[in-house]
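Engineer:
Protein chains: 2
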Amino acid sequence: MLKLYHWEPNANSGKPILAMEEKELDFESHYLDLLNFDQHSPEYLKINPLGTIPALVHDDRMLYESTAIMEYVDAAFPGPQLRPSDPEERWRMRWWMKFCDEYYAPSASMLGWNAFIGPSVRDKDPEELKRKIEAIPQPERQVAWKKAIYGLFTPEELAESARRVAFGAQIFEENLKRHSWLAGETFSLADINAFNLVYFMPANPAGHVSPEKTPCTMEWLYKMYERPASKRAWSRGKTMTADRLTHLQRPTVAA
Amino acid sequence: MLKLYHWEPNANSGKPILAMEEKELDFESHYLDLLNFDQHSPEYLKINPLGTIPALVHDDRMLYESTAIMEYVDAAFPGPQLRPSDPEERWRMRWWMKFCDEYYAPSASMLGWNAFIGPSVRDKDPEELKRKIEAIPQPERQVAWKKAIYGLFTPEELAESARRVAFGAQIFEENLKRHSWLAGETFSLADINAFNLVYFMPANPAGHVSPEKTPCTMEWLYKMYERPASKRAWSRGKTMTADRLTHLQRPTVAA
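As they're listed, the protein sequences go chains A and Z.
The opening residue of the first sequence carries number 14 in our numbering; numbering runs sequentially from there.
The opening residue of the second sequence carries number 14 in our numbering; numbering runs sequentially from there.
(1) Tell me, which residues are paired with L17(A) by DSSP?
(2) Can you tell me the Cβ-Cβ gap for T80(A) and K16(Z), rounded? I've got them flagged as a contact below 8 Å.
(3) The beta strand (DSSP E) spanning M106(A) covers which residue range?
(4) Exposed or buried, which one is I162(Z) when buried takes at least 16 other CB atoms within 10 Å?
(5) Under three-state DSSP, which class holds R176(A)?
(6) Exposed or buried, which one is S120(Z) when buried takes at least 16 other CB atoms within 10 Å?
(7) Should the region 176-188 of chain Z be regarded as contacting the region 151-162 of chain Z, the criterion being three or more beta carbon pairs within less than 8 Å?
(8) Would you report the Cα separation of S201(Z) and R103(Z), rounded to the nearest angstrom?
(9) Please report how far the alpha carbon of V4(Z) lies from the alpha carbon of W247(Z), in whole angstroms.
(10) Is the separation between the beta-carbon of P91(Z) and that of R249(Z) shorter than 9 Å?
(11) Residues of chain Z with CB closer than 9 Å to the CB of T80(A), please, in chain order.
(12) Could you say if the region 124-133 of chain A and the region 94-101 of chain A meet the contact criterion of at least three C-beta pairs nearer than 8 Å?
(13) For a contact defined as C-beta to C-beta under 9 Å, what are the partners of E225(A) on chain Z?
(14) Closer than 6 Å by C-beta to A68(A): which residues in its own chain qualify, once you throw out the five before and the five after it? Chain order, please.
(15) Of the residues that make up the region 161-172 of chain Z, which ones have a beta carbon closer than 9 Å to any beta carbon in chain A?
(16) Just the chain Z side, please: which residues come within less than 7 Å of L202(A) by C-beta, in chain order?
(17) I'd like to know whether the C-beta atoms of L189(A) and F208(A) end up nearer to each other than 9 Å.
(18) Out of I184(A), E147(A), I66(A), S223(A), point me to the one whose CA is closest to W109(A)'s CA.
(19) Short of 8 Å in beta carbon distance, which residues of its chain neighbour L31(A), apart from the five on each side in sequence? Order them along the chain.
(20) In angstroms with no decimal places, state the Cα-to-Cα distance between K160(A) and A255(Z).
(21) Relative to the C-alpha of R191(A), which residue among A219(A), P228(A), Q155(A), Y117(A) is closest?
(22) Taking 9 Å as the threshold (C-beta atoms), are I66(A) and S98(A) in contact?
(23) Put L76(A) into one of helix, strand or coil per three-state DSSP.
(24) Between the Cα of A182(Z) and those of H43(Z), M83(Z), T230(Z), spot the shortest distance and give me the residue it belongs to.
(25) Below 7 Å CB to CB, which residues in the same chain sit around G131(A) once its five sequence neighbours on both sides are set aside?
(26) With a threshold of 9 Å between beta carbons, is P152(A) in contact with chain Z?
(27) What does A88(A) touch in chain Z if you count any residue whose Cβ is under 7 Å from its own?
(28) In the structure shown, what three-state DSSP assignment does G197(Z) receive?
(29) Find the residues of chain A that neighbour Y77(Z), judging by a C-beta separation of less than 8 Å, and give them in chain order.
(30) Measure the C-alpha to C-alpha separation of S54(A) and K143(A) and round it to an integer number of angstroms.
(31) Please report whether the beta-carbon of R176(A) lies at a distance below 9 Å from any beta-carbon of chain Z.
(32) For chain A, is any of its Cβ atoms less than 9 Å away from the one on D39(Z)?
(33) Closest Cβ-Cβ distance between E115(Z) and chain A: below 9 Å?
(34) Just the Cα atoms here: how many angstroms apart are M106(A) and A196(A)?
(35) Taking the alpha helix (DSSP H) that F90(A) belongs to, which residues open and close that run?
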């Protein structure tokens with residue numbers, strides 16, 4: 014028995030979805046609407062008391078944290094290996110996953126929450142919103158939701174996140190100038206991790222990722238988007254999120 | 014050829030040192046004095062351009078980030094395996110390393126930097142300090158050093174870190190009530206990771222870790238301290254840091 018609790022097939026939810034699609038695993042999909050705070054409902058808190066998504070249930074095992082879930086999925090199931098065999102490539106895979114999880118993604122996420130997530134729930138009934146926020150089990154997640162909903166990120170916080178996103182895009186390109194995939198010559202969990210973060214960058218008006226400025230990153234995005242597993246993962250989306258990917262279509266060369 | 018650039022055998026530097034001692038590897042030790050900013054010197058920036066310690070050089074490979082280095086060391090060298098074979102235990106190992114690296118350690122670190130690191134460099138010549146701060150390659154590390162040196166952490170930041178440390182100590186104890194080691198019944202990199210963070214907690218006046226409040230954590234600390242590898246790792250210390258460990262001596266039962 015394999016059940017995944019997830020939101021749209023992007024960001025943290027997209028990581029285990031894409032890993033499981035790469036391994037062609039059958040799993041029971043439980044879609045939670047992040048914008049409706051489904052992840053803080055009493056039913057879901059029985060699955061994951063911290064109220065974060067995704068969560069994987071494998072027989073009687075409850076597994077949280079998207080990156081650690083991906084490592085579990087690759088170790089526990091047959092199918093193509095998603096971790097390089099070479100120790101140096103495996104180190105580089107983990108370096109990039111750590112960089113994405115601790116630095117690049119939280120910064121991009123703050124900008125995204127400020128621009129999209131906050132505004133898309135802001136118009137709900139104020140009393141209902143208050144109750145939803147109070148039901149969030151982790152105090153630091155309450156703070157993050159409040160900042161997003163009520164537009165309370167400071168200009169300094171947003172500027173620092175923007176600086177980090179620009180730096181992330183730059184060293185990402187430097188690495189892909191030297192290697193076909195993030196970890197080296199082997200496709201790995203690092204590519205799956207990063208794709209769920211970087212896929213949207215070419216549509217970001219800040220323009221840090223574009224065919225002109227970061228051709229190697231764009232080539233990597235096209236390759237990622239062309240993988241059958243990516244197509245299957247994105248077909249699980251229930252909102253307009255999937256439409257964001259049109260910019261990942263490799264341009265056809267004019268005859 | 015195996016060279017480790019490190020500070021005292023605790024915190025991030027202690028993680029690869031202890032992992033390498035557990036595997037009984039010979040390595041060339043390069044001690045950098047963190048409080049003298051050795052890690053931002055032009056010579057060291059040739060080894061690690063981001064100016065963070067530790068760094069491992071293995072033949073022509075340059076490896077950074079303490080947790081990813083530990084995973085590399087275990088994968089690349091013979092000796093006792095430091096990662097459980099069971100996928101669930103391996104997931105739990107990574108869950109705890111992520112929790113320590115992203116949540117528990119940064120909070121404890123802010124309190125430690127505020128109480129110890131800042132005050133111990135604060136009295137250097139102001140102009141020299143300014144130059145040392147300007148030589149830090151990463152802007153966010155410049156900010157962290159400035160806050161520590163000039164006492165600029167806000168009361169809110171310190172209170173939030175204190176809250177997180179208390180929460181960390183609590184779920185740590187809950188986990189060790191159920192398991193002998195962090196990942197389960199197998200000693201792993203998670204124990205090495207966490208020992209370098211938790212060893213000091215019983216000496217912390219906040220009192221979140223003590224024989225009375227957290228007996229399972231104390232038992233785990235005694236077991237960790239009794240390992241021959243821990244003794245070898247701590248004997249590499251050059252300051253009074255090692256004296257902090259006297260509280261980890263298992264109390265002898267009175268006759």
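Beta carbons: idealized from backbone N, C-alpha and C, even for Gly.
Structural biologist: From the atom records:
(1) In the DSSP output, where bridge partners are listed per residue, L17(A) has S42(A), L69(A).
(2) Between K16(Z) and T80(A) the Cβ distance is about 29 Å, and since that is not below 8 Å, they are no contact.
(3) Bounds of any beta strand (DSSP E) do not take in M106(A); it lies within the alpha helix (DSSP H) bounded by 100-112.
(4) The residue in question, I162(Z), is buried, as its Cβ has 16 or more Cβ neighbours within 10 Å.
(5) Three-state result, R176(A): helix.
(6) By the 10 Å Cβ count, S120(Z) comes out buried.
(7) No, they do not touch.
(8) When rounded, the distance between both Cα atoms is 9 Å.
(9) Outside the displayed span of chain Z (14 to 268) sits residue 4(Z), for which this structure offers no information.
(10) The answer is no: Cβ separation not under 9 Å.
(11) Neighbours of T80(A) on chain Z, chain order: R107, K111.
(12) Counting Cβ pairs under 8 Å, fewer than three are found: no touch.
(13) Near E225(A) there are no residues of chain Z at all, since even the closest Cβ is about 26 Å away, more than 9 Å.
(14) Within the same chain, A68(A) has close Cβ partners Y18, I60, N61, Y77.
(15) So nothing in the stretch comes that close.
(16) Simply none; closest approach about 11 Å.
(17) Judged by beta-carbon spacing, F208(A) lies beyond the 9 Å limit of L189(A), meaning their Cβ atoms are not closer than that value.
(18) Selected option, being the one with the closest Cα: I184(A).
(19) Excluding sequence neighbours, L31(A) sits near P22, I205, F208, N209, A242, S243, A246.
(20) Roughly 42 Å between the two C-alpha positions.
(21) Closest by alpha carbon: P228(A).
(22) No, these two residues do not count as a Cβ contact at 9 Å.
(23) L76(A) falls in the strand class under three-state DSSP.
(24) Residue nearest to A182(Z) within the set H43(Z), M83(Z), T230(Z) is T230(Z) (criterion: CA-CA distance).
(25) The beta carbon of G131(A) lies closer than 7 Å to those of A161, I162, G164 in the same chain, with the five residues before and after it left out.
(26) Interface residue, yes.
(27) Near A88(A) (Cβ distances below 7 Å), the residues of chain Z are P100, R103.
(28) DSSP places G197(Z) in strand when its eight states are reduced to three.
(29) Those within 8 Å of Y77(Z) in chain A are W108.
(30) In this structure, the alpha-carbon of S54(A) lies about 14 Å from that of K143(A).
(31) Yes, R176(A) lies at the interface with chain Z (some Cβ there is under 9 Å from its Cβ).
(32) D39(Z) does not count as touching chain A.
(33) Chain A, which has a Cβ nearer than 9 Å to the Cβ of E115(Z), makes this yes.
(34) If you take the alpha carbons of M106(A) and A196(A), they lie about 5 Å apart.
(35) In this chain, F90(A) is not harboured by any alpha helix (DSSP H), its DSSP state being neither H nor E.
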